[in-house]
Structures are given as structure tokens and as C-alpha cells.
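**Q** Input: one structure, supplied below.
Number of protein chains: 2
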Amino acid sequence: MKVQVGVSNRHIHLTKEAYKILCGDKEIEALRPLNQPGMFASTDTFTIKTEKSEIPNVRVLGPFREYNQVEISRTDAYKLGVNPPIRTSGDLKGSEAITIVGPKGELHLDEGLIIADRHIHLTPEMKKIYGFEGKTKVKVFIGGEKSGIIFNVDLKVSDEAYFEMHLDTDDANAFNLKQGDIVDIIED
Amino acid sequence: MKVQVGVSNRHIHLTKEAYKILCGDKEIEALRPLNQPGMFASTDTFTIKTEKSEIPNVRVLGPFREYNQVEISRTDAYKLGVNPPIRTSGDLKGSEAITIVGPKGELHLDEGLIIADRHIHLTPEMKKIYGFEGKTKVKVFIGGEKSGIIFNVDLKVSDEAYFEMHLDTDDANAFNLKQGDIVDIIED
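If you read the protein sequences in the order shown, they are chains A and B. For the first sequence, the working numbering gives the first residue as 794, with consecutive numbering after it. For the second sequence, the working numbering gives the first residue as 794, with consecutive numbering after it.
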């Protein structure tokens, strides 16, 4: 089973209330749509910071969510001097603290900083048709000069989903993968 | 077969002549020894730069070599706006250009910038005893939350070698590996 790769650079998800703290009364604007239906990269980029360091120009994705979440790579985590857990979106209990700096204000989150797990977006129907029923994780083979197999790739089922594997920049760069590359799901 | 992981951050190898261009008549000094016999991290860190960008504080390793070589990760390559090939040390024909900035001078290399391949250092005797005779590559299993298997890990044989797998920071961070972690060679 072939699946397309989406490379997730560090990014921010916000509630409407958090966006207001950071940006004031401005409306969020889409810069470009993402492959996942309804999602978009916004025109906003903010700085994220810890006591040790900061990273500027971190893209805010839309639409708004029920929670505030910042997703970074392990490489970013070393730069920021923090040790975020590897988590699926929204599973934020006990995750790392982070401060977001917007043009109109700052927002300190006691938790919300994670390294996203490797995951594949698909619909319940795709899960059935593709033979993944009863499975929550798969393995994926990646070819090329820096080939290998990654385990623990989470099957992330939602009614509105574009079939795509999301990796962070560490995974993508380790395997020399770019946005849109095609890889093989090999087994559960 | 268990093997220890050595994580290679970006670094520079120089000839004696190149070092003199960059540092003048100063002798190279060891900051700390590396696991590979005779090798050391020097007290020198230089900036590497391209037309697009630069990265400061890149460590020089010693002793001097017969060639000048800068090893970076794919993450670094994106920052610098270059596309270095994945190579074993010393295989520099057609590799990327890079400029090294030292305290006394700059050195432009028309080639010498690479992404190091995944490799394991071992002696001819270890290669025989461990059952790797006739093989040039192995696969390595890495456990943990971000587990998987990496292929094309080069067996790098030299008379003076400490048994250790060298990965760059992209590979290490993708698999959550740290210096000194133990992983499993699983097959050729």
C-alpha cells in the first residue's frame, strides 16, 4: 500500500481565545490550504521561546482548535533546551511548557509543547478498504539512499481525511524524504 | 549483535595547510578525545557559510587529514541552501562547495561538503569474529518509542577502530537516540 508523505515543520495550533491574546482583534487569514480538508497555513508566524532559547517564524495553522499546541522536532527541542514527549495531537497532559510571542501579546502554556508522533491520516472507509481494520499502528518502508523501516506509525482515523503520512522534519531529513514523496506501508 | 551509538554533530576535518590559512601559526589543541583511537575534538570552532546562510560554532576534529571535509546534516543543508551528497569520509569528488571562516582567514572549498553515510567503525578482526566477512553494509534495529530499522549502514574497517555506529543528528533525532545508546545489528 503506497502512501504520500507530508512533512510537518514546527507549527502552532491555537484556540480562538489564545489567538486574540496574541493578535488582538485581527481575523485569522489563510495563506494556503493544507492537504487535510479544511486545514490551512495561516499568514501568521510567531516566536516560540523557553528560558534557554527561542525559535522565530513558527507558522500558525488553522482553523482554531479546542486546545493550544506547539509541535516541534527533537532538533528544535535541543535548541530550546526542553524534552517534550512524543504525542498525538490533543494529548497534552504532562507535556512541556512553552511561551508563544505574538504581535499583540505573549501566551505562556504550562503544557502544550509536543513532538508529534508519526501518523497516517485516513477515513474509517479507507481503513476498512485498505485492510487495516483492528490495527492502530503500521510499519512503513522508505526507499532511497538512506532507506529503512519506521515502526509505530499511528493510524489516525477521521471522517474528513486526506490519505497521507505525516512525519516531522527529523524523520523526513533522516530518510531524505520530501513533501509528496511516496512510501510503502508494509505491515501492521 | 549490539553496537553503541555515536552521534556526529556537524564538524570539520582539515589538512595542516588549510588549518594554517584559517588559524595562522597556532598549533591545533585537543579539547577532548573521541572514541575512535587518536581522534579528538579540537578547541576550534569555525563558521561555515554559503551564499544563502551560515552556521557558526562548527567544531574542528583532529588530527589533520589528507583532505578538507565538512560534514553536516540534511537539516543543516536546508539552512545553508545546498544539496550535499551522502558520502563516506574522503569520497569528495563532485560534493558541494563550502566556505570555512577562521580567525585568521577564510577558505573556500569547491568540493568537500557532504552528509556522512550511516556507518559502523570496526577492525578487520572484529569483522571476522562478528560474522560480517564478505559484507559491506548491515541493517540496524533501533528500539524505543520511535523505533525502526535503518538500512545501508556501511561497515567501515580500519586497523585502529572503536566498535561504534556513527549517525548524524537527523538520524539520531528521528529515532530519539543519544550518544552511548545501544542498538542491534540485525542482518546484512
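In this text, a Cβ means the ideal position worked out from N, Cα and C, and glycines have one as well. Fair warning: this is a prediction, and the values are worked out from it, not measured in the lab.
#1: Please report whether the beta-carbon of Ala811(B) lies at a distance below 8 Å from any beta-carbon of chain A.
#2: Take Arg740(A) as the anchor and find which of Lys921(A), Ile913(A), Leu873(A) has the nearest alpha-carbon.
#3: Among the candidates Leu970(A), Asn850(A), Lys819(A), Arg911(A), whose CA atom is the shortest distance from the CA of Arg880(A)?
#4: Kindly indicate the opening and closing residues of the beta strand (DSSP E) around Asp947(A).
#5: Taking Phe925(B) as the reference, which of Lys949(B), Ile908(B), Thr808(B), Glu904(B) has the closest Cα?
#6: Throw me the rounded Cβ distance for the Glu899(A) and Ala890(A) pair, which I believe falls under 8 Å.
#7: Can you name the start and end residues of the alpha helix (DSSP H) that Asn966(A) belongs to?
#8: Assuming contact is defined by CB atoms lying nearer than 8 Å, are Leu815(B) and Gly895(B) in contact in what I supplied?
#9: Is DSSP giving Thr868(B) helix, strand or coil here?
#10: Thinking just about the alpha-carbon of each residue, which of Ser888(A), Glu810(A), Asn969(A) is nearest to the one in Asp818(A)?
#11: Do Leu854(A) and Phe839(A) have their CB atoms nearer than 8 Å?
#12: Could I get the ranges of all uninterrupted alpha helix (DSSP H) runs contained in the region 819 to 881 of chain B, with 4 residues as the minimum, in chain order?
#13: List, in order along the chain, the chain B residues whose C-beta lies closer than 8 Å to that of Ser866(A)?
#14: Is it true that the CB of Gln972(A) sits closer than 8 Å to the CB of Val800(A)?
#15: Would you list the residues sitting across from Leu906(A) in a DSSP beta bridge?
#16: Quick one: which residues of the region 937 to 949 of chain A get their C-beta closer than 8 Å to a C-beta of chain B? List them in chain order.
#17: Assign Glu957(A) to one of two classes, buried (16 or more other C-beta atoms within 10 Å of its C-beta) or exposed (fewer than that).
#18: Excluding the 5 residues flanking Asn876(A) on each side, which residues of the same chain have their C-beta closer than 8 Å to its C-beta?
#19: Confirm, please, whether the CB-CB distance from Lys932(A) to Ile943(A) is below 8 Å.
#20: What in chain A is Cβ-close to Ile879(B), meaning under 8 Å?
#21: If you draw a straight line from the alpha carbon of Lys939(A) to that of Ala967(A), how long is it in whole angstroms?
#22: Does the Cβ of Ile865(B) have 16 or more other Cβ atoms within 10 Å, making it buried, or fewer, making it exposed?
#23: Going by the CB atoms, is the gap between Leu906(B) and Val863(B) shorter than 8 Å?
#24: Can you tell which of Ser882(A), Asn861(A), Asp952(A) has its C-alpha closest to the C-alpha of Leu902(A)?
#25: In this structure, how does DSSP classify Met794(A) when only helix, strand and coil are distinguished?
#26: From this set, Ile979(A), Asp961(A), Gly831(A), Asp837(A), which residue's C-alpha is nearest Phe934(A)'s C-alpha?
#27: Can you find the residues in the same chain that come closer than 8 Å, C-beta to C-beta, to Glu859(A), ignoring five residues on each side of it along the sequence?
#28: Using the DSSP secondary-structure output, state which residues sit across from Gly927(A) in a beta bridge.
#29: Can you tell which of Ile975(A), Asn969(A), Leu960(A) has its C-alpha closest to the C-alpha of Arg867(A)?
#30: Specify the secondary structure class of Leu815(B) as computed by DSSP and reduced to three states.
#31: Only counting the same chain, and skipping five residues up and downstream in sequence, which positions put a Cβ closer than 7 Å to that of Lys845(A)?
#32: Examine chain B for any beta-carbon lying closer than 8 Å to the beta-carbon of Thr962(A), and answer yes or no.
#33: So which of Ile908(B), Asp952(B), Gly937(B) has the shortest CA-CA distance to Met919(B)?
#34: What is the rounded straight-line gap between the Cα of Val798(B) and the Cα of Leu970(B)?
#35: Looking only at DSSP bridge pairs, what is Asp977(A) linked to?
#36: Would you mind sorting Asp977(A) into buried or exposed? The rule is 16 or more other CB atoms within 10 Å of its CB.
**A** Working from what's here:
#1: no
#2: An answer regarding residue 740(A) cannot be provided, because it is not within the stretch 794 to 981 covered by chain A.
#3: Arg911(A)
#4: 941 to 950
#5: Lys949(B)
#6: In fact, because the Cβ distance is near 13 Å, the residues do not count as touching under 8 Å.
#7: 962 to 967
#8: yes
#9: helix
#10: Glu810(A)
#11: no
#12: 867 to 873
#13: Asn966
#14: yes
#15: Val863(A), Glu889(A)
#16: Glu938, Lys939, Ser940, Gly941, Ile942, Ile943, Phe944, Asn945
#17: buried
#18: Ala870, Glu889
#19: yes
#20: Glu938, Lys939, Asn969
#21: 7 Å
#22: buried
#23: yes
#24: Asn861(A)
#25: coil
#26: Ile979(A)
#27: Thr808, Gly883
#28: According to DSSP, Gly927(A) bridges with nothing at all.
#29: Leu960(A)
#30: helix
#31: Leu873, Gly874
#32: yes
#33: Asp952(B)
#34: 8 Å
#35: Lys795(A), Phe934(A)
#36: exposed
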